[in-house]
Structure formats: structure tokens, C-alpha cells
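Here is the structure we will look at.
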Ligand code: C2O
Ligand code: CU
Ligand code: CU
């Protein structure tokens, strides 16, 4: 508190309710955030169409500024995807009504896809196919970002199984802002295995893309109001589904398939039906589960998806069923002894972890028959730890969440900065552990002793020595601040399987409010890692060599540098 701070910082800190944390470490971090510009790579020529590639589907996709009416009154300026089908089945592209979201792309496993991405924004962009397993050069790595007026041509084959995937921008430092302003869309992949189940389709299959936004008095999107929005993530005060406020679906008395995606930049949901009906889950990020599972509620973090069976057949015409986000705790920091919600979210009318509605289903029509819920969906070969090439030496993904640093493996994202433990042998199955290294931003929450063996076991000294980690440690210790929050960790490339979750006893109380909401037995590409939690997973690194990213899908964290490259060699 002795250190003088300039007026701007004081304003930010007051606004954020972090005034009590005006500590040397925090202002240092602030300074770093304000001044840090990443050295840019030499500009690459955007990829062109290759004559040898014969696409089954060819799409022109542009990113452009737009404007549409979301709330009553003035139209809202947004950024949006617009697409045009050059070649392929007619049902490949479907626009969501009155939405800024990009069209839903329906792709078939095995199809060859060519997409011409044209940047009509006045800033660089590049698009990533979240969850799709494509070559490194087609993955939308930020190094491929194109300038205004340029076109990047993607060519890849759909290798993924049926599932809901997504596309969104991935330019370094601006992913969150572009997604927030509207650039995102859903990709539905179909395959034979799924078709054989004859699940509800057509008008009975509905995408539910959940986002939170904040509007000013002129109906314009408000974003990043201060330092704490960058540090904790941006939380809007208005829930939109498929880009619409107060979303409702009109349904018949039969079963539906609802395809959920959390398209928010930071907000985590705890989804539950308001009348206590269990949520019947058919699938997660990487497609169908082996069999449907009933959950009292499901946690859905940014980037995660959920395939839900919703049966309205027992309900009367005129009845309603709402999906809500139910209350939970623990995902945002407790600071300076103040309970979270209070100190950090004072400015927000929709606190994270409070109880609020997402959308409502209105039963408006009676129909005679409804399909029955299949008892089995598909076969998933489960990995065991021993199947991995490194059962004793997991590849580390160390979360640092100190006041000076939102980092992975102790380093802020930088191009061409792959460390020895981020180099992955090609064509292997790897055990990966996500954890908080000792002292990385923590103090006084009892995690340190617990984390030590993992550090030792991984020879962390080698790859993680140096400024990042050690700096983070010292700062974490010096501030005496408890910075512990949930991070949805996402990996590009192939989907993975979650092997185990271990929660430190200091965090079990908050954990109890979320623990029944995880579905860990399917294929995943994003996993919510709670404070005090250590997650082990197994991921294949097959088919493609090259650079694939790992990052927090709290997109403000990603943009703050909580991202690394894995180099598959
Ligand atoms: Cu959906 Cu690299 O992100
Ligand atoms: Cu991704
Ligand atoms: Cu994060």
C-alpha cells in the first residue's frame, strides 16, 4: 500500500473492488499487462487452395462487422461470420434466426472440406475449428492470422466422430474480444454410428449456444471494464441463447435432442431443469457416451458441449420447463478473507454461481408418438494409465494464477517458445497432468505440500526453470493473496479421456457444489479444473505432427497468455 499508483490504476482498482489488493505484486502485473506486446513473427503468406485437393464441401466464410437488433430499440454493432455454400449438400449451412452467430455447419465424417476464410474486419483474425482434428497448418493457430482483405484457405478431412464442435477466431490477444463481439458458430458432425441410433433430428434437434453479454444504454456491447475483467474473465449480466435474450423454444409433446455449447468467454454454468427433472446426457465434447446418463445438473464451462435428451412427452400443452444455472461456489477467487461473490462481482447483477434462468421450453403442441431413449449409444475403448507411453512421467500443464501471472507451465504465451516438456513424440498416447505447481500464485491454501511430488516426478527443473515460474512463485508468496480459480483447459488436436480428478481437502466444501456435474467418461477436448484440483488425462497424438495449442478456454485468460504450444514431433 506504500507504493504510489497513478490515477488510472487507482481507478481500475477501485472499480474492480480490488482496492484492498493494491499490493506491489498486483500493480507489477498490471504494468506487465499494459505494456507487454508480443514480438510478432515474420508475416506468412496465407494458405492457398491446392489443386490436388478435391473438396466434397466448399464454403466461403467471412468475418465482418455487422449490426442487428438484439434488444428492443437500437441495433447492436457486432462482428459476425457470414457463409456461402459453393459446393456440397444443401443442408450444410443453416442460419440461426436473427442471430449474430455464424451459420451452423453440418458436416459428415469423411468429407473433405475447403473453407475460404476472408477477413473483412479491420484487425487480424484467423479461425479455429474447436474439437476438430485437422493438420496443424489448418488448425487456426494465431501465427496464421490474416489481415483485412486477405483470405486463408483451409483444407481438411473430417476425421472426428459425430459431435458438436465449434468455430471461432484465434488471433493472439484478441480471441476473447472477437468471440465476445459475435464471432462463433456451431459445427455438427454426423457419422454412421450416430445415424443408426435414429436420434431426434430436423426440427427436433436444437442448438443451444449459451453466452453472456453486457449492453450499454445504447444497446452496444460493453466489454473489459477494468483489470479484474482481464484477470478473472469478463462476465456479462445478460444471458443470450443462440444470440437472443429471453430465449424460448416451442416444443411438441415428444423427445428432443438439445445440443448445448458454452460460447461465453468466461462464465461457467451449472445447468439443471427447474422442476428437478434430471438432465439426460447423451454426449459431451467429443460425441456420444456409451449410454445415456442422468445427472441432477451438469457443469458447462466455456468451450464445453453437451448433448441432451429432453423428453416433453409426459407434459401438458401449455406447460413450461425452464433450464436454469443453479448456484455453486468456488470457481472465482476468495480474496483477502472476503467471500468471493461480494468483493469481486459487486458490479455485476448476474454473479457467477448465482441462480438464474437460461431458457424456457413451452409445450405448445400435442403429438402422438415420441421416439424412445436408446439404452446403449456406442462403444468407447477406455484408456488406462498403463496404456500411455509415460505412465510415470505425466506431461505437465501447470496452472499459475498469481496476481502477476495467468500462465501455463510458468510461461506466458509466446511464439516459438516450446519447452522440452512441451515436445510430444508423434503417434503416442500421453498421460497429462493439470495441476498447480508449488507456490504458483498460491499461498495459505494448503496446496503446496500436496503438489510437491508431482513436481519432483516430472523433473520440472529442466523445462520450467527461469523467469516465469520463479517470478510467479516469489510474487505469489509476497502478496499473501489467495488466487485460486477454475480454468477450463482446452487442447487442440485429438480428443482425450479423463483418467482421474483429485481434489485437495482445503477445497472440498466448494467442490461439493459442482462435483456431481462432471461427465468424465466420454471424449473431451476441454476440462474444467477447479481450484485445488488435479486432473489426469490421456490424449493420443496421432495423424498430424506440428504445433497444437493448449490453453485456458476462459478466453480472457487465454488472451492474457494462459496458453502454450505443444510441438508434436
Ligand atoms: Cu476453442 Cu484454442 O480454442
Ligand atoms: Cu480448440
Ligand atoms: Cu483460466
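Numbering (our numbering), first residue to last: 7 to 575.
Beta carbons: idealized from backbone N, C-alpha and C, even for Gly.
Every residue with a CB closer than 6 angstroms to a heavy atom of ligand 1 is listed here in chain order: 134, 136, 174, 176, 309, 496, 498, 555, 557, 559. For residue 444, no alpha helix (DSSP H) encloses it, and the DSSP letter there is neither H nor E.
Around the beta-carbon of residue 388, fewer than 16 other beta-carbon atoms lie within 10 Å, marking it exposed.
Between residue 323 and residue 371 the beta-carbon gap is near 7 angstroms, inside 8 angstroms, which marks them as a contact. Residue state for residue 393 is assigned as helix, using DSSP reduced to three classes. Under the three-state reduction of DSSP, residue 130 is assigned to coil, being neither helix nor strand. Cβ neighbours of residue 276 within its own chain (closer than 7 angstroms, five residues either side excluded): 303, 305, 331, 332, 334, 520, 523. Not a single heavy atom of ligand 3 lies less than 7 angstroms from the C-beta of residue 90.
DSSP lists no beta-bridge partner residue for residue 56. Under DSSP, residue 112 forms a beta bridge with 194. Residue 178 has its CB no nearer than 7 angstroms to any heavy atom of ligand 3. Ligand 3 never approaches residue 234 closely enough for any of its heavy atoms to be under 7 angstroms from the residue's Cβ.
Within the region 144-193, the beta strand (DSSP E) runs of at least 3 residues that lie entirely inside it are, in chain order, 157-163, 169-175.
Residue environment analysis places residue 545 among the buried positions, since at least 16 neighbouring C-beta atoms fall within 10 angstroms of its C-beta. Taking 7 angstroms as the cut-off, the C-beta of residue 568 counts as close to a heavy atom of ligand 3. Excluding its 5 nearest sequence neighbours in each direction, residue 270 has C-beta neighbours in its own chain below 6 angstroms: 217, 218, 308, listed in chain order. For residue 516, the enclosing alpha helix (DSSP H) stretches over residues 514-517.
Checking the DSSP bridge columns, you'll see residue 497 partnered with 556. For residue 135, the pairing in a beta bridge is given by DSSP as 173. Listed in chain order, the non-local C-beta contacts of residue 418 below 6 angstroms within the same chain comprise 567, local neighbours out to five positions each way being set aside. In chain order, 280, 363, 366 place their CB closer than 6 angstroms to the CB of residue 328, counting only its own chain and leaving out the 5 sequence neighbours on each side. Runs of the beta strand (DSSP E) spanning 3 or more residues and lying entirely within the region 277-346 occur at 285-290, 293-301, 304-306, 311-317, 326-331, in chain order. Leaving aside the five residues that flank residue 123 on each side, the residues in its chain whose CB is nearer than 6 angstroms to its CB run, in chain order, 67, 133, 158. For residue 218, DSSP records a beta bridge to 245.
In the three-state scheme derived from DSSP, where H, G and I count as helix and E and B as strand, residue 256 is classed as strand. Note that the C-beta distance between residue 84 and residue 187 is below 8 angstroms. Residue environment: residue 554 is assigned as buried (16 or more neighbouring CB atoms within 10 Å of its CB, all protein chains considered). Remark: C-beta atoms of residue 509 and residue 536 approach each other more closely than 8 angstroms. By alpha-carbon distance to residue 433, the top candidate from 550, 100, 506 is 550. In this chain, the alpha helix (DSSP H) harbouring residue 565 covers 561-565.
Counting along the chain, residue 412 sits inside the beta strand (DSSP E) bounded by residues 411-414. For residue 83, the uninterrupted beta strand (DSSP E) run begins and ends at 82-93, by DSSP. Contact between residue 110 and residue 213 holds: CB atoms are separated by about 6 angstroms, below the 8 angstroms threshold.
Taking all protein chains shown into account, residue 235 has 16 or more neighbouring C-beta atoms within 10 Å of its C-beta and is therefore buried. It is roughly 29 angstroms from the alpha-carbon of residue 396 to the alpha-carbon of residue 560. Beta-bridge analysis with DSSP links residue 571 to 555.
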